[in-house]
Amino acid sequence: MTIVEDAQKGIITEEMKIVAKDEGLDPEFIRRGVAAGRIVIPTSPYRQVKICGIGEGLRTKVNASIGVSSDIVDADMEVKKAQAAEAAGADTLMELGTGGDFLAIRKKVIDSISLSVGSVPLYQAFIEAARKYGSIVDMTEDELFKATEDQAKLGTNFMAIHTGINNITMDRLKAHGRYGGLCSRGGAFMTSWMLHNEKENPLYANFDYLVEILKEHEVVLSTGNGMRAGAVHDATDRAQIQELIINSELADRAHKQGVQVIVEGPGHVPLDQIGTNVKLMKEMSGHKPFYMLGPLVTDIAPGYDHIVTAIGASVSASYGCDFLCYVTPAEHLALPNLEDVITGVKTSKIAAHVGDMVKYPDRAREQDLAMGRARRDLDWQKMYSLAIDPEHAKEVRNSRAPEDSDACTMCGNFCALKIVNQNYNLAK
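So, in structure tokens, the structure goes:
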């Protein structure tokens, strides 16, 4: 039985107990969430993974995406990025390589970390077709499903699969147009294949067969967002919503067959539309875990898109988004390097926490309360221990060390907290 089927039979599995302990919640709450499709717990029969729950009532989780490109193929560097992402606090990792030996590089990455690892099988199928036949549009349907199964057998725990692109979605896209084009690589591959071959998307047309593969290998389905906007002016358009409707219907079908499902959301969304997107997705999908790619709330800050994303991600999480894909400073400019990956993870972890302070004020604000008290008391060691990045905090302070060890060089001898502590008591 799958974990969904266990949950629906009233069985609390070891994975559910681990998530409950990690979140400080009752195991029965986790079981009910998995049974209803509101919580997923990625696992694999092929490898041991760090158990992580994603969904309603749980802390907002952060995914880091890595992967070689056709221009830069350095498997060892991708391993270092994966390990750095885990060390920086990423909850999951997606390996999205589009160059080199797909399976060999992905296996190397998977073997190097304990996190759940996601992938997009469609990339491998289309790019191998381009290598073999000279064009992505010559890929066969069998090759697409074979790539999916091959990646599942490596120990991939969740897969972004572009199920919601179909002829109806395509009609909406062509009729409405786009200011920023189609930014999803998977969406670009699949729509080009459909138009050239005058066929329906095989992932949609053969959805039940796809579900059989995922169920056999205990892979979480993440319904790919191939119609997401690539510019804020295209956000929440007809093609995006049409795909969401289809993916929500397919998510229900997969869950009824015992497969865990995440529904993916948009990537470029102006701030005033974030609440609408989260609420709409949650209602349409029956409150399945919602995964947002960023989101980016403006398009004019290349080089600073990790900051743009932190703004959007914190608001998204506050409205109920469960899962955030990080964005690095290199977004829209280059393949991320090691430092970009670390910065992206830490920035998104901050955003997730900020959102959780709104979603779960009783639970998520405890660390901030402790930090406030530590600052009041000028307890620097306590402040470091509570910081999201203790080593960076120490490094910054020590690089400009104060004469007075109680204070910092911002205020020096005129530290407001020290002055108050010397003259009266504000302890609470």
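This note's numbering numbers the first residue of the sequence shown as 184 and each following residue consecutively.
Ideal Cβ placement from N, Cα and C applies to all residues, glycine included.
If you're wondering where the values come from, they're calculated on a predicted model, not measured in any experiment.
Beta-carbon gap between residue i and residue j smaller than 9 Å
i: Pro-228; j: Thr-275; result: no
i: Ala-414; j: Asp-482; result: yes
i: Asp-505; j: Pro-472; result: yes
i: His-438; j: Val-187; result: yes
i: Asp-539; j: Arg-242; result: yes
i: Ile-213; j: Gly-193; result: no
i: Thr-530; j: Tyr-543; result: no
i: Ala-219; j: Gly-469; result: yes
i: Leu-378; j: Gly-409; result: no
i: Leu-386; j: Thr-374; result: no
i: Tyr-306; j: Phe-372; result: yes
i: Gly-363; j: Ala-330; result: no
i: Lys-532; j: Ile-494; result: no
i: Asp-587; j: Asn-596; result: yes
i: Trp-376; j: Val-320; result: yes
i: Gly-486; j: Pro-512; result: yes
i: Ala-265; j: Ser-299; result: no
Residue i versus residue j: straight-line alpha-carbon distance, rounded
i: Leu-393; j: Phe-328; result: 7 Å
i: Glu-239; j: Val-223; result: 10 Å
i: Ser-318; j: Ala-312; result: 6 Å
i: His-489; j: Leu-476; result: 12 Å
i: Lys-565; j: Gln-605; result: 20 Å
i: Ala-484; j: Val-491; result: 7 Å
i: Lys-382; j: Glu-326; result: 16 Å
i: Ala-599; j: Leu-521; result: 39 Å
i: Asn-246; j: Ile-396; result: 24 Å
i: Ile-429; j: Asp-420; result: 15 Å
i: Ile-195; j: Asn-340; result: 20 Å
i: Trp-563; j: Leu-337; result: 45 Å
i: Ser-252; j: Thr-281; result: 5 Å
i: Arg-368; j: Val-452; result: 18 Å
i: Ser-248; j: Leu-279; result: 7 Å
i: Val-446; j: Val-303; result: 14 Å
i: Lys-611; j: Ser-568; result: 21 Å
i: Ser-431; j: Asp-455; result: 23 Å
i: Arg-559; j: Ala-534; result: 24 Å
i: Gly-448; j: Tyr-474; result: 6 Å
i: Asp-435; j: His-575; result: 44 Å
i: Val-644; j: Met-554; result: No answer is possible for residue 644: the residues shown for the chain start at 184 and end at 611.
i: Gly-632; j: Ile-310; result: In this structure the chain extends from 184 to 611, so residue 632 is not present and cannot be described.
i: Asn-384; j: Glu-324; result: 9 Å
i: Glu-211; j: Arg-546; result: 19 Å
i: Val-480; j: Ser-497; result: 11 Å
i: Cys-594; j: Leu-561; result: 13 Å
i: His-536; j: Arg-548; result: 9 Å
i: Val-131; j: Arg-215; result: Summary: the structure shown does not reach residue 131, with the chain confined to residues 184 through 611, and so no result is reported for it.
i: Val-618; j: Arg-221; result: In the structure displayed, the chain extends from 184 to 611; residue 618 sits before or after that span and is not available.
i: Ala-557; j: Val-202; result: 29 Å
i: Ser-297; j: His-416; result: 39 Å
i: Ala-500; j: Met-184; result: 32 Å
i: Lys-263; j: Ala-388; result: 39 Å
i: Asp-333; j: Ala-358; result: 37 Å
i: Val-442; j: Leu-609; result: 54 Å
i: Asn-380; j: Leu-427; result: 24 Å
i: Arg-361; j: Ala-418; result: 10 Å
One or two residues paired with residue i in a DSSP bridge
i: Met-277; result: Ser-248 and Gly-301
i: Tyr-474; result: Glu-447 and Phe-506
i: Gly-238; result: Ile-222
i: Val-403; result: Phe-341
i: Leu-479; result: His-451
i: Leu-365; result: Ala-412
Proximity test, residue i beta-carbon vs the ligand GDP heavy atom, cut-off 8 Å
i: Thr-592; result: The ligand GDP is not among the ligands present in this structure, which contains no ligands whatsoever.
Short CB-CB distance (under 9 Å) between residue i and chain B
i: Leu-479; result: Absent from the structure: chain B. Only one protein chain is present.
Query raised in the report: Is it a yes or a no for the stretch 266-284 touching the stretch 520-530, going by three-plus beta-carbon pairs under 8 Å?
Result: yes
Query raised in the report: Does the stretch 337-352 come close enough to the stretch 388-405 that 3 or more CB-CB pairs lie under 8 Å?
Result: Contact between the stretch 388-405 and the stretch 337-352 is present: 3 or more CB-CB pairs across the two stretches fall below 8 Å.
Report task. Please determine if the stretch 492-505 and the stretch 448-463 are in contact, where contact requires at least 3 C-beta pairs separated by less than 8 Å. Result -> yes
**Report entry** Validate contact between the stretch 276-288 and the stretch 255-263 using beta carbons, cut 8 Å, 3 pairs
**Finding:** yes
Query raised in the report: Fully enclosed by the stretch 512-592, which alpha helix (DSSP H) runs are 4 residues long or longer?
Result: 521-542, 544-547, 549-559, 563-569 and 573-582, all fully within the stretch 512-592.
Query raised in the report: If you scan the stretch 185-212 from start to end, which runs of the alpha helix (DSSP H) of 4 or more residues do you find wholly inside it?
Result: 186-191 and 197-206
Requested in this report: Could you name each continuous alpha helix (DSSP H) segment of 4 residues or more that falls completely within the stretch 370-397, going from the start of the chain to the end?
Outcome: 385-388
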